[in-house]
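In my numbering, the protein residues as written are 113 to 259.
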């Protein structure tokens, strides 16, 4: 997203799909874009840029939704693009830097050196507070029952 590159452990990713119509769900956090119907399954969708405090970007042919399992809930993350699926040698991995107590980087589990780039590997479990995960699960259940 933007100039930064992020990664997610492959065992968390269920699938990657092209951007599709997202149905708005009222009274949800701003970063919560809505839900999609993916082959009969209702999936909550998060605007990753908004979740990270960035400005939204107009969707284009590279925009994708990465479906990730977070605490037994499938969640879609809208991303600018998916560059590649890569195997990273542990020698190229390091702990994320500490920026002090006022900056929350707990959701970054490690940093990976790939060619000239540094990729921040996300801990998807730490992207949400417990109550946010409960809300996402409830949205998924409510929307599924409403069909």
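Note that CB positions come from ideal geometry on N, CA and C, so glycine has one too.
Reduced DSSP secondary structure (H/G/I, E/B, other) of residue i
i: residue 131; result: coil
i: residue 169; result: coil
i: residue 236; result: helix
i: residue 206; result: strand
Residue i to residue j span [Cα, whole Å]
i: residue 155; j: residue 209; result: 33 angstroms
i: residue 168; j: residue 221; result: 24 angstroms
i: residue 196; j: residue 132; result: 20 angstroms
i: residue 229; j: residue 144; result: 29 angstroms
i: residue 219; j: residue 234; result: 6 angstroms
i: residue 185; j: residue 136; result: 19 angstroms
Sub-8 angstroms separation of residue i and residue j beta-carbons
i: residue 181; j: residue 162; result: no
i: residue 71; j: residue 157; result: It is not possible to answer for residue 71, since the shown part of the chain is limited to 113 through 259.
i: residue 174; j: residue 151; result: no
i: residue 232; j: residue 223; result: yes
i: residue 237; j: residue 159; result: no
i: residue 126; j: residue 179; result: yes
i: residue 129; j: residue 176; result: yes
Beta-ladder partner(s) of residue i, from DSSP
i: residue 194; result: Partner(s): none; residue 194 has no beta bridge.
i: residue 137; result: Looking at the DSSP assignment, residue 137 forms no beta bridge with any residue, so it has no partner.
i: residue 181; result: 186
i: residue 121; result: DSSP, once it has assigned bridges, lists no residue as partnering residue 121.
Bounding residues of the beta strand (DSSP E) (the contiguous stretch that carries residue i)
i: residue 145; result: 144-150
i: residue 263; result: The requested residue 263 is not part of the displayed model; the chain covers only 113 to 259.
i: residue 222; result: 220-226
C-beta neighbour in chain D for residue i, strict 8 angstroms
i: residue 168; result: No chain D is part of this structure, which consists of one protein chain only.
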